[in-house]
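Novice:
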Amino acid sequence: MNDELKHLSTRVTKGLMTRRDFIGRAAALGVTAAAANALLAQTAQAEGPVKGGTLRIGLAGGESTNTQDPAAAASSVPVTNLRLWGEPLVNTAPDGGLDFRAAESVEASADAKTWTFKIRPGVEFHNGKTLTAEDALATLQRHSNEDSQSGALGIMQGIEDLRADGDNLIVELGVGNADLPYLMADYHLMIQPNGGMDDPTAAIGIGAYTLDVDEPGVRHTFKKNPNYWDDTRGHVDAVEVLVLNDATARTAALQSGQVHLINRVDPKVAGLLDRAPNLSVKSVAGRGHYVFIMHVDTAPFDNNELRLALKYAINREEMVDKILRGYGTVGNDMPINAAYPLFDDSIPQREHSIEKAAEHYAKSGHDGSPIILRTADGAFPGAVDAAALFQQSAQAAGIPLEIKREPNDGYWSEVWNVQPFCASYWGGRPVQDQMYSTAYLSTADWNDTRWKNEAFDAKLLAARSELDEAKRKSIYAEMGRTIRDEGGLILPMFNDFVDGVANNVGGWIEDPNDQVMNNLASVKCWLTA
Amino acid sequence: MHPILLLVAQRLALGLLLIFAASILIFAGTSILPGDVAQSILGQSATPQALANLRAELGMDQPPVTRYFNWLGGVLQGDLGTALTNGRDIAESLSSRLGNTLFLAFWAAIIAVPLAIALGLIAVRYKDRWPDKVISAVTLTTISIPEFMIGYLLIFFLSIQLPQLIMSLEFLSDGVRGWLLANLRFSSVAMMNDSMSLVEKIKSITLPIMVLTLVVLAHMMRMTRAAILNVMQSAYIETAELKGLGMLRIIRTHAFPNAIAPIVNVVMLNLAYLVVGVVVIEVVFAYPGMGQYLVDHVSKRDVPVVQACGLIFATVYIGLNLVADIVSILTNPRLRHPK
Numbered sequence: 001m002n003d004e005l006k007h008l009s010t011r012v013t014k015g016l017m018t019r020r021d022f023i024g025r026a027a028a029l030g031v032t033a034a035a036a037n038a039l040l041a042q043t044a045q046a047e048g049p050v051k052g053g054t055l056r057i058g059l060a061g062g063e064s065t066n067t068q069d070p071a072a073a074a075s076s077v078p079v080t081n082l083r084l085w086g087e088p089l090v091n092t093a094p095d096g097g098l099d100f101r102a103a104e105s106v107e108a109s110a111d112a113k114t115w116t117f118k119i120r121p122g123v124e125f126h127n128g129k130t131l132t133a134e135d136a137l138a139t140l141q142r143h144s145n146e147d148s149q150s151g152a153l154g155i156m157q158g159i160e161d162l163r164a165d166g167d168n169l170i171v172e173l174g175v176g177n178a179d180l181p182y183l184m185a186d187y188h189l190m191i192q193p194n195g196g197m198d199d200p201t202a203a204i205g206i207g208a209y210t211l212d213v214d215e216p217g218v219r220h221t222f223k224k225n226p227n228y229w230d231d232t233r234g235h236v237d238a239v240e241v242l243v244l245n246d247a248t249a250r251t252a253a254l255q256s257g258q259v260h261l262i263n264r265v266d267p268k269v270a271g272l273l274d275r276a277p278n279l280s281v282k283s284v285a286g287r288g289h290y291v292f293i294m295h296v297d298t299a300p301f302d303n304n305e306l307r308l309a310l311k312y313a314i315n316r317e318e319m320v321d322k323i324l325r326g327y328g329t330v331g332n333d334m335p336i337n338a339a340y341p342l343f344d345d346s347i348p349q350r351e352h353s354i355e356k357a358a359e360h361y362a363k364s365g366h367d368g369s370p371i372i373l374r375t376a377d378g379a380f381p382g383a384v385d386a387a388a389l390f391q392q393s394a395q396a397a398g399i400p401l402e403i404k405r406e407p408n409d410g411y412w413s414e415v416w417n418v419q420p421f422c423a424s425y426w427g428g429r430p431v432q433d434q435m436y437s438t439a440y441l442s443t444a445d446w447n448d449t450r451w452k453n454e455a456f457d458a459k460l461l462a463a464r465s466e467l468d469e470a471k472r473k474s475i476y477a478e479m480g481r482t483i484r485d486e487g488g489l490i491l492p493m494f495n496d497f498v499d500g501v502a503n504n505v506g507g508w509i510e511d512p513n514d515q516v517m518n519n520l521a522s523v524k525c526w527l528t529a
Numbered sequence: 001m002h003p004i005l006l007l008v009a010q011r012l013a014l015g016l017l018l019i020f021a022a023s024i025l026i027f028a029g030t031s032i033l034p035g036d037v038a039q040s041i042l043g044q045s046a047t048p049q050a051l052a053n054l055r056a057e058l059g060m061d062q063p064p065v066t067r068y069f070n071w072l073g074g075v076l077q078g079d080l081g082t083a084l085t086n087g088r089d090i091a092e093s094l095s096s097r098l099g100n101t102l103f104l105a106f107w108a109a110i111i112a113v114p115l116a117i118a119l120g121l122i123a124v125r126y127k128d129r130w131p132d133k134v135i136s137a138v139t140l141t142t143i144s145i146p147e148f149m150i151g152y153l154l155i156f157f158l159s160i161q162l163p164q165l166i167m168s169l170e171f172l173s174d175g176v177r178g179w180l181l182a183n184l185r186f187s188s189v190a191m192m193n194d195s196m197s198l199v200e201k202i203k204s205i206t207l208p209i210m211v212l213t214l215v216v217l218a219h220m221m222r223m224t225r226a227a228i229l230n231v232m233q234s235a236y237i238e239t240a241e242l243k244g245l246g247m248l249r250i251i252r253t254h255a256f257p258n259a260i261a262p263i264v265n266v267v268m269l270n271l272a273y274l275v276v277g278v279v280v281i282e283v284v285f286a287y288p289g290m291g292q293y294l295v296d297h298v299s300k301r302d303v304p305v306v307q308a309c310g311l312i313f314a315t316v317y318i319g320l321n322l323v324a325d326i327v328s329i330l331t332n333p334r335l336r337h338p339k
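Going down the list, the sequences are from chains U and L.
Read in order, the letters of the first sequence are residues 1 to 529 in the working numbering.
Read in order, the letters of the second sequence are residues 1 to 339 in the working numbering.
(1) Answer with buried or exposed for D199 (chain U), where buried requires no fewer than 16 other C-beta atoms within 10 angstroms of its C-beta.
(2) If you drop the 5 nearest sequence neighbours on each side, which residues of the same chain put their C-beta closer than 6 Å to that of A108 (chain U)?
(3) Who are K203 (chain L)'s beta bridge partners in DSSP?
(4) List the residues of chain U whose Cβ lies closer than 7 Å to the Cβ of S187 (chain L), in chain order.
(5) Alpha carbon to alpha carbon, how far is N145 (chain U) from L308 (chain U)? Give it in angstroms, no decimals.
(6) Output yes or no for whether 8 Å exceeds the beta carbon distance between D61 (chain L) and R55 (chain L).
(7) Hey, how far is the Cα of M1 (chain U) from the Cα of Q292 (chain L)?
(8) A424 (chain U) by DSSP, collapsed to three states: which one?
(9) Expressed to the nearest angstrom, what Euclidean distance is found between the alpha-carbon atoms of S148 (chain L) and A249 (chain U)?
(10) Quick one: residues in its chain with C-beta nearer than 8 Å to the C-beta of Q157 (chain U), no 5 flanking neighbours on either side, listed in chain order?
(11) Would you mind sorting W526 (chain U) into buried or exposed? The rule is 16 or more other CB atoms within 10 Å of its CB.
(12) What does Q255 (chain U) reach in chain L if we use C-beta pairs closer than 8 Å?
(13) Quick check on A249 (chain U) - is its C-beta less than 8 Å from some C-beta in chain L?
(14) State yes or no: is the beta carbon of Y152 (chain L) nearer than 8 Å to at least one beta carbon in chain U?
(15) Throw me the rounded Cβ distance for the V241 (chain U) and T80 (chain U) pair, which I believe falls under 8 Å.
(16) What does the Cβ neighbour count give for E349 (chain L), buried or exposed, with the cut at 16 atoms within 10 Å?
(17) In chain order, what residues of the same chain have a beta carbon less than 7 Å from the beta carbon of L320 (chain L), not counting five sequence neighbours either side?
(18) Tell me the rounded alpha-carbon separation between K223 (chain U) and A203 (chain U).
(19) What separation, rounded to the nearest whole angstrom, lies between the Cα atoms of A259 (chain L) and L169 (chain L)?
(20) How big is the Cα-Cα spacing for E414 (chain U) and I119 (chain U)?
(21) Can you give the Cα-Cα distance for L207 (chain L) and G427 (chain U), rounded to whole angstroms?
(22) For F375 (chain L), which three-state DSSP category applies?
(23) Tell me whether V79 (chain U) sits in a helix, a strand or coil according to DSSP, three-state version.
(24) Below 8 Å between beta carbons is the criterion; list the residues of the segment 148–165 of chain U that meet it against any residue of chain L, in chain order.
(25) Going along chain L, which residues have a C-beta under 7 Å from P216 (chain U)?
(26) Can you tell me the Cβ-Cβ gap for P193 (chain U) and F125 (chain U), rounded? I've got them flagged as a contact below 8 Å.
(27) State yes or no: is the C-beta of V215 (chain L) within less than 8 Å of the C-beta of I143 (chain L)?
(28) Could you check the C-alpha separation between H337 (chain L) and D325 (chain L) for me, to the nearest Å?
(29) Taking DSSP as the reference, what is the three-state secondary structure of P277 (chain U)?
(30) Which residues, taken in chain order from the segment 455–480 of chain U, show a beta carbon closer than 7 Å to some beta carbon of chain L?
(31) Return no unless some Cβ of chain L is closer than 8 Å to the Cβ of G176 (chain U).
(32) Looking at the structure shown, is L261 (chain U) part of a helix, part of a strand, or coil, going by DSSP?
(33) Please confirm whether V269 (chain U) has its beta-carbon closer than 8 Å to some beta-carbon of chain L.
(34) Just the Cα atoms here: how many angstroms apart are L115 (chain L) and T139 (chain L)?
(35) Under 8 Å between the Cβ atoms of C309 (chain L) and L294 (chain L)?
(36) Taking only beta-carbon positions, decide if L389 (chain U) is within less than 8 Å of chain L.
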């Protein structure tokens with residue numbers, strides 16, 4: 001590398017020079033803009049991780065009501081805290097595989113009913129206690145017993161028996177499940193000493209950082225855990241998680257260098273923000289999706305022709321364009337996209353068609369009374385605008401859609417899963433089985449489309465214990481088609497995770513599992529200047 | 001008993017009654033909101049089983065009247081209880097939040113109140129001439145812009161544009177620019193914690209102080225101006241003028257003391273606003289004050305915390321108004337010595 005350029009690029013990372021100026025100077029030295037940008041990225045990534053420094057991360061999704069109890073975590077800040085101080089048995093790796101944490105390896109019986117996790121030896125909790133299979137056992141018990149208030153209660157329901165045997169934790173299932181290890185990657189299931197039965201909020205885990213200051217809704221600071229077992233994580237000395245719920249405050253903090261990372265960059269400003277010096281906007285395709293859901297057992301949505309009419313009436317491209325500003329992809333009325341393993345890309349994409357919508361609407365014999373769609377700002381970002389776009393394109397097909405705007409407050413208890421037609425979102429799950437079992441199985445607690453189809457349930461169970469991947473894939477494809485053509489789900493778009501990252505953050509990788517590298521950026525990234 | 005003491009005692013008793021009434025109103029308000037605490041805590045993805053478990057644990061299955069009186073009993077013994085949502089001691093979490101709120105309000109008031117009164121006096125002195133018009137125009141403009149907008153504008157110019165401007169001053173050496181960057185730093189995030197020194201704390205809240213000052217300035221300035229102009233019409237001012245006193249002296253010794261009551265009233269009103277009404281500013285600058293704390297707990301239906309915050313806000317409001325009343329009595333000889 002040219003010395004002059006090298007000097008200039010370090011000046012950029014120190015904030016003494018803007019990126020635009022740098023590219024200008026580089027051009028004067030005969031380097032193209034693309035090469036200059038690559039050079040900058042290189043300087044930030046340097047060679048391998050750099051140790052030390054304090055990483056500051058500004059996040060939306062923290063409230064003064066938050067606690068450190070893993071069972072209660074639901075929003076980004078508590079989840080990020082859990083990721084810092086705790087580790088579950090496994091993480092879902094960015095490539096869709098497994099990243100072993102508290103467990104060192106896992107083995108399944110041939111029918112996928114019995115799973116044996118080998119607990120990693122020589123790992124210490126922050127309080128000095130050595131990690132044992134009993135701790136892991138107690139943790140899973142706490143999240144699955146009868147008085148559990150855990151957010152993980154739903155995914156623990158298929159477990160028949162749990163036991164510890166020496167270094168092994170053995171999970172027995174009623175019905176075989178080839179994806180069980182992915183369920184154990186759930187962020188609620190942080191291994192705690194004695195399962196956190198004594199003090200669930202103590203924030204004692206086996207994670208790379210120990211909790212220092214805990215001010216819910218304001219900030220949480222962490223120090224490096226000197227006894228952490230894995231040298232490939234935990235590069236910075238200290239991490240500060242700042243709660244910045246206001247979108248403008250968040251972007252301003254990143255721009256002015258007060259934080260290194262932010263989540264949920266507003267798509268409306270993402271393009272502009274990316275032009276700022278010293279930072280870049282990272283958009284990662286994930287599994288989360290924005291939806292309009294109909295109860296298939298409630299009139300008029302019990303009529304599949306009407307459901308199809310609405311599915312054809314929605315203009316998906318326009319939604320991705322105007323609501324997500326291009327930070328997303330079109331959906332196909334099934335909750336699965338290419339980010340899932342075993343996705344079948346031969347299923348045809350449903351296109352916006354006024355004619356087909358009108359045709360199905362005529363066939364449905366709907367009496368022409370207004371069809372009420374409930375929405376709220378909090379349903380998903382841009383939900384009110386999206387509903388208005390939907391109304392317009394439905395109007396063009398002669399479908400009388402009427403929007404009823406609901407307050408954000410109480411939306412999830414009074415409207416979602418209660419009213420027959422409303423806007424909502426899903427965060428996606430690591431594997432297809434989990435997504436379908438969470439919301440499309442007849443008996444699922446969160447079956448928000450009231451989708452009850454015996455043949456579908458049977459296929460789901462068959463796929464679950466099927467270890468032949470080709471067969472599994474074809475069963476999932478059939479299920480996807482059924483939901484797409486008969487289900488109560490209108491899924492116009494999958495949203496990307498849009499994060500802001502300062503140039504002096506090294507180690508950033510795309511992780512489709514959740515925002516900010518599956519909330520692990522503060523554990524996996526390092527600071528170069 | 002001295003009539004003033006009697007009056008103050010009466011006011012105090014009335015204030016307590018008002019606070020009690022406010023607590024009932026807040027409780028009733030939180031009870032009629034849709035949704036419940038368990039659903040709000042566990043979120044969209046909660047299972048019915050988990051909801052039922054949590055509701056039972058929180059005692060939400062008891063009737064509201066029972067819950068209200070249980071809470072009231074605790075408060076009378078000085079126990080604000082624990083938050084339903086995270087089980088923390090309310091008095092403890094609240095005291096640091098209240099401290100922050102008062103800290104911000106104090107520094108904003110220290111700057112805004114003298115400035116507003118001084119500007120009001122200047123406006124009177126140069127009535128209808130350019131200083132008066134400039135002061136009125138500027139303060140009325142800043143009060144008319146929504147406070148979050150002023151906040152965003154200050155962040156944009158001072159936190160983001162200023163460092164870039166300094167960076168682009170290429171004729172300065174790196175050292176000078178580095179020094180300027182470090183010292184002319186307006187933090188867009190108003191961090192506040194115990195490990196900071198007083199100077200660091202004040203630096204950290206420079207922008208919120210500026211916004212609040214701009215927001216409350218006009219009201220107090222205009223009232224000062226109006227009250228003094230009103231007094232200036234009186235015969236005794238004309239006498240003073242005829243005696244040959246200077247304008248500033250007349251305002252200071254003759255007009256101002258007689259205009260104190262309305263000014264104090266409006267100052268107290270604005271102080272109350274600085275304490276109870278700045279949640280928007282707290283959000284914009286991520287400042288850990290009471291407002292954000294209250295809003296978070298309202299959205300989770302955490303009634304004990306909402307009650308406690310409401311009680312404190314009501315007390316501040318009623319208390320400051322009480323002070324305003326008493327000050328206007330003390331500065332007014334006719335009220336001080338009633339026949």
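Beta carbons are placed, not taken as given, at the ideal position from N, Cα and C, and that holds for glycine.
Specialist: According to the structure shown:
(1) So D199 (chain U) counts as exposed.
(2) W115
(3) Paired residue(s): none; K203 (chain L) is not in a bridge.
(4) Q258
(5) 42 Å
(6) yes
(7) With a pLDDT of 46 at M1 (chain U), under the threshold of 50, the modelled position of this residue cannot be trusted, and the question is left open.
(8) Reading off the sequence, residue 424 (chain U) comes out as Ser, not Ala. Residue state, collapsed to three classes: strand.
(9) Residue identity differs from the one stated: residue 148 (chain L) is Phe in this sequence, not Ser. Computed Cα separation, rounded: 11 Å.
(10) S144
(11) With 16 or more other CB atoms across the displayed protein chains lying within 10 angstroms of its CB, W526 (chain U) is buried.
(12) S159, I160
(13) Taking Cβ atoms only, chain L reaches closer than 8 Å to A249 (chain U), which makes this a yes.
(14) yes
(15) 6 Å
(16) Residue coverage of chain L in this structure runs from 1 to 339, which leaves residue 349 (chain L) outside it and unanswerable.
(17) M268, L271, A272
(18) Those two C-alpha atoms are separated by around 13 Å.
(19) 50 Å
(20) 43 Å
(21) 36 Å
(22) A question about residue 375 (chain L) goes unanswered here, because the residues of chain L that appear run from 1 up to 339.
(23) helix
(24) S148, Q149, S150, G151, L153, G154
(25) N86
(26) 5 Å
(27) Going by beta carbons, V215 (chain L) and I143 (chain L) fall inside the 8 Å limit.
(28) 15 Å
(29) coil
(30) none
(31) G176 (chain U) does not count as touching chain L.
(32) strand
(33) no
(34) 11 Å
(35) yes
(36) no
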